[in-house]
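Heads up, the thing below is written out as structure tokens.
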Amino acid sequence: MFLRLVADSFTRRPRRKLLTGAALALGMAVATAALSVSLDVGDRLAREFRSLGANLVVTPAADSLPLEIGGVDYRPANSGAYLAVADLPKIKSIYWHNNIIGFAPLLEARAMALPFALENGKLRQTANWIEDVPLIGTWADHGVPLPDGGEFRTGIAKTNPWWRIDGQWFSDDARECVVGTAFAQKNKVKIGDEISFAVGDVTKIPSPFKVMGILSSGGPEDNSVLVALSQAQLLTGRPGQYRKLYVSALTKPEDSFAKRDPKTMNADEFERWSCSPYVSSIAYSIAQALPGTDVRVIRRVAEGEGNILTHVRTLLWLVTFAALLAAALAVGASSAASVMERRSEIALMKAIGAGRGSVGFLLAAEQLLLALVGGGIGYALGIILARMVGERIFGAAPEPSLLVFVIILGLAAGVTMLGSAIPLRRAAHFQPAPILRGE
Amino acid sequence: MGGSLVGNRKMFWRILRRMLLANRGRVLVILLALAAGAAITAAMLNLQIDAKRRLTAEFSVLGPNILIVPAQTDSDATSRATLDERILDEVPPTSPDGWTPVNALGYLYLLADASGPTSRTYQPVVIAGVRSSLADKRVAAMRHNRRPVDGHSCIVGGKVAAQMHLQVGDQLSLHGVAGEQPCRVIFLRNMGDAGDAQISPELEVAQRLAGLPGRISLIELTARGTSEQVNDYLEALRKRVPNAGVHGVYQFSEAQGKIYSKISGLLTATVVLVLVLTALCVMAAMTNVAMERRNDVGLMKAIGGATRRVVRLFLTEAALLGLVGGLIGAASGILLSMELGKAVFGVAARPRLIVYPISVGLTILVAIASSFPLRRLASVRPAAVFRGEA
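Just so you know, the protein sequences line up as chains A and B, in that order.
If you count by this note's numbering, then the first sequence holds residues 2 to 440, one letter each, in order.
If you count by this note's numbering, then the second sequence holds residues 1166 to 1555, one letter each, in order.
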């Protein structure tokens, strides 16, 4: 009899049930979308923040003190220590290798430059030797072979993503270069020109590099010339070596625990510390993978990012909470409405002898069924909605998660019951007679 | 005719008043839904505007966003060219956001030899003399901008300290081309940038070492504001200091623009969703209203009320509810957003007056749109209602 009543209530007035169910589904869809997006948003935002560029810098531990002013290193040539490029793939073998977004080794030198312009198919020298030109050798887009056989493409565009280039980057091993905008302006160099470089004493004019692009970085690089790392190694006589490595890593904002010195931690704490992607623990594991290096956290970037990320996450959780609250309110109200419009039905049941409990139980079962069906449909709709929002804002859809599904069904059931409870309680006190009379 | 019109109007409002008072519980539910929607909308809109301002402040922690360097000349000595120190005081003191002070730092870089308390040998090192355009008290409050406190103190980079085995409190002796200056180490700096390999005394000390009184190498500015505001500021600055090169630092401005647009998109999406949900909530309540009022509408129609007038009556009711709910809700929403701002950014959000009318307007629109179920009343046939047929 009970099941028949429930089934009847759904089949006799399908339109009314459909309306309530639709309201429920819509509310839950919104809740699903809000929840999925905000569960996903932390990672997405952390990735966005990598547009700030590298947050770690690696230098040789045994290096002499850099004497750098305006991008030019005034150390005597060949002083200081260098690191081996051959060790670099090890960075992608550390525990947090998936968090390493990119890295770029740099080899800087003070060079002399001799620019040529191409005129009528002939190279014409346009100026005398320019002294003290900061020359930077790096990777533009370089494939690093991985231990597992794959290849990781990285370069300066990953670690310094704000650099704007007019034209294109040099190819990996070609005699090509990119010049800083200030250098280009001062020496009247344009794309297509050629420049000869020499480090140290010049005996004959070396074969020139073709200018492929003009770089504007907003920093001291605007005064320098960039060439492929391998070419810089040839020029400086440092094959297979680099001096500075920028690493861009996805990190978790540092809390007070992360700021502790790992040397003072006990085994458990150290385990927990090294299993969280804090910038300091990533720095620690890079130092372990590349012995003889000094790995420093670029504090401004790391801390600024951490602060902003923490604040934005709090903000987004608040927003999600607001959306959930609104969804709960809407679903509660519509289920309250659906109980209220059945007053005469309730009165009839009571008049023919149904007790308070059985009426309540019947209605609750109906509402619950509706909540589960509506919640399920709402979840499916919400995933589509979350996909739209995610793709529009971050260009990537959040992964559907089981957790959200469970929360949504629970929320739907809870809110529906709560919403129906108030009118049900009132209905319990109704006298059947006046309601049936229509008063 | 005029009299009857006034009478009609009087009657109209009287019916409206009675309708609102007849079922106070129901009206309260609708009002609550509308007010809650308005509150969340107002809070989100206000936070959205405020988040922009707060984020520009947060991003200024990342570092200077404008550089003033000596103008490009054709001479080869560009890298050693300097600026007049007075430019530092010509920088407009207020940020493009209109209220925060611009933090301008003038630097003079030179190579010098330093010797510590234990070693007799000299270590070549980069000296970065620094002076701020701000009053000292404010500068001291900024964690990332530790400065020498007087002419006898200096900040030492961590790499320099490691190389020379220096500690806080040690006495250093600096030898430049134009003289010798003592300084005491007051802070070891480990920020992961070029400053870690420098010794930073007061600007005047560096000028004496280099023999360049009144000259500086470059100026770093931290000016808060949105990308557009900073661009306008850059233009103004270029006109003000025509003999120098003024550059924006893209690293932070680009990231700032990108991240703000993401957050703003998320907040807008939430506002839209919340408004849809509010509409849903009100719609549910209105469905009930429609059910309950079948008899009333039947009666009105029976005694000659035109459908249009009946509908107008209900729409006015909805708009009134929207207005009241919006006025109450938006006000509490703005208060709420100030508290939320405090919770999120540690500083109460500033209320924006523009948010208030927008939220109220949106709420009224939602209220009217969600009286959609009342459309059923138009099809009520008086006879059927009075016979008690559904």
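Every residue, glycine too, gets a C-beta built ideally from N, C-alpha and C.
Interface criterion met: the Cβ of Glu49/A is under 8 Å from a Cβ in chain B. Following the DSSP letters along the chain, one finds Val1509/B inside the alpha helix (DSSP H) bounded by residues 1472-1510. The region 1535-1544 of chain B makes no contact with the region 1203-1222 of chain B; the number of CB pairs closer than 8 Å stays below 3. If you check the CB distance, Pro146/A and Val73/A do not come in under 8 Å.
Within the model, the alpha-carbon separation for Gly1390/B versus Ala1222/B is close to 8 Å. Take the alpha-carbon of Lys245/A and the one of Leu89/A: they are about 12 Å apart. For Leu1210/B, the uninterrupted alpha helix (DSSP H) segment begins and ends at 1189-1224. Among the residues facing chain B, His430/A is not included, as its CB has no counterpart in that chain under 8 Å away. Interface criterion not met: the Cβ of Thr252/A is under 8 Å from no Cβ in chain B.
Residue contact with chain A for Gly1357/B: present (Cβ-Cβ distance below 8 Å to some residue of chain A). Counting along the chain, no alpha helix (DSSP H) covers Ser197/A; the unbroken beta strand (DSSP E) around it starts and ends at 195-199. Contacts with chain A at 8 Å (Cβ-Cβ) do not include Gln1394/B.
Cα atoms of Leu425/A and Arg343/A: separation of roughly 10 Å, rounded to the nearest angstrom. The DSSP assignment places 226-229, 245-250 as complete runs of the beta strand (DSSP E) inside the region 220-293 of chain A, in order along the chain (cut-off: 3 residues).
The residue among Ser345/A, Leu371/A, Leu410/A, Met389/A with its C-alpha nearest the C-alpha of Ala434/A is Ser345/A. Here Ser1392/B carries a helix assignment [DSSP, helix/strand/coil]. Contact between the region 1193-1200 of chain B and the region 1477-1492 of chain B is present: three or more C-beta pairs spanning the two stretches fall below 8 Å. Ala366/A has no beta-bridge partner at all, per DSSP. When the Cα atoms are used, Arg1546/B and Arg393/A turn out to be separated by approximately 48 Å. Rounded to whole angstroms, the gap between the alpha carbons of Leu251/A and Val1436/B is 30 Å. Taken through DSSP and simplified to helix, strand or coil, Ser94/A comes out as helix.
Residues of chain B with a Cβ closer than 7 Å to the Cβ of Ser52/A are, in chain order, Glu1419, Ala1420, Lys1423. Counted as a single uninterrupted DSSP element, the stretch harbouring Lys351/A is not any beta strand (DSSP E) but the alpha helix (DSSP H) occupying residues 344-352. The region 375-387 of chain A makes contact with the region 31-45 of chain A; the number of CB pairs closer than 8 Å reaches 3 or more.
Taking the beta carbon of Phe1177/B as reference, no residue of chain A falls within 9 Å; the closest one sits roughly 27 Å away. Cβ neighbours of Ser231/A within its own chain (closer than 6 Å, five residues either side excluded): Asp174. Phe1417/B is not bridged by DSSP to any residue.
Using beta-carbon distances, Ala1343/B does not count as an interface residue toward chain A, since no partner is under 8 Å. Closer than 8 Å to the CB of Cys1348/B there is not a single CB belonging to chain A. Counting every other CB atom within 10 Å of its CB across the protein chains shown gives Phe117/A a total of 16 or more, marking it as buried. Listed in chain order, the alpha helix (DSSP H) elements of length 4 or more contained wholly in the region 1322-1385 of chain B are 1323-1329, 1368-1375.
C-alpha of Gly71/A to C-alpha of Pro221/A: approximately 6 Å in a straight line. Shortest Cα-Cα distance from Ala1514/B to any of Val1531/B, Ile1214/B, Val1194/B, Ala1187/B involves Ile1214/B.
Around Lys253/A, the same chain offers Ser277, Pro278, Tyr279 as residues with beta carbons nearer than 7 Å, after the five sequence neighbours per side are excluded. Looking at the backbone, the Cα of Ala422/A and that of Leu1210/B are separated by about 34 Å. Note that the region 1318-1331 of chain B does not touch the region 266-277 of chain A; fewer than 3 beta-carbon pairs, one per stretch, sit closer than 8 Å.
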